[in-house]
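To keep things clear, I will list the structure first and then write my remarks on it.
Numbering (this note's numbering), first residue to last: 25 to 184.
Okay, structure coming up:
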């Protein structure tokens, strides 16, 4: 009979997945907020990597605070899409959470202050116009499905 592994050793042996969270915000014209990143080409959405021992919701709220200087109430965010991507070469496998952040009022929009070491610009775009501007196709697929989830008051899971 095989000897039992100590619990601590067992948990250390389990695989780890990278996680990230993004938030979709709109203005009163139903245009989506995109951010221009300083460290890669293309546009993205507010968000980023979830820290160790941080929930996806907490990570999304923290990233919005850091990147845009916006404090969003927890109950404002709703999960609209979750995507799994397997590892590929140097890119580790990941879970990508997409939250709907609602419609920003003019006061919130005017108070946006960008995190200068990560972002160079933010701007609202028409929803369809935004998709081809995004930094990669996977993000575009998540955003497109998130639009559908918001419109249909549902949730989507994307696998690969």
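Heads up, the beta-carbon is just placed ideally off N, CA and C, and yes, glycines get one too. Note that this is a predicted model, so its numbers are computed, not measured.
How is residue i classed by DSSP in three states: helix, strand or coil?
| i | result |
| --- | --- |
| residue 101 | coil |
| residue 132 | helix |
| residue 60 | strand |
| residue 40 | coil |
| residue 194 | Nothing can be reported for residue 194, as the shown portion of the chain is limited to 25 through 184. |
| residue 139 | coil |
Considering only DSSP beta bridges, list what residue i is partnered with.
| i | result |
| --- | --- |
| residue 115 | 112 |
| residue 122 | 46, 105 |
| residue 183 | 108 |
| residue 145 | 60 |
| residue 158 | 67 |
| residue 127 | 50 |
| residue 73 | 44 |
Could you pull out every residue in the same chain whose Cβ sits closer than 6 Å to the Cβ of residue i, ignoring the five residues on either side in sequence?
| i | result |
| --- | --- |
| residue 46 | 69, 71, 122 |
| residue 107 | 120, 166, 182 |
| residue 73 | 44 |
Tell me which residues share the same chain as residue i and place their Cβ nearer than 7 Å to its Cβ, disregarding the 5 neighbours each side in the sequence.
| i | result |
| --- | --- |
| residue 139 | 90, 91 |
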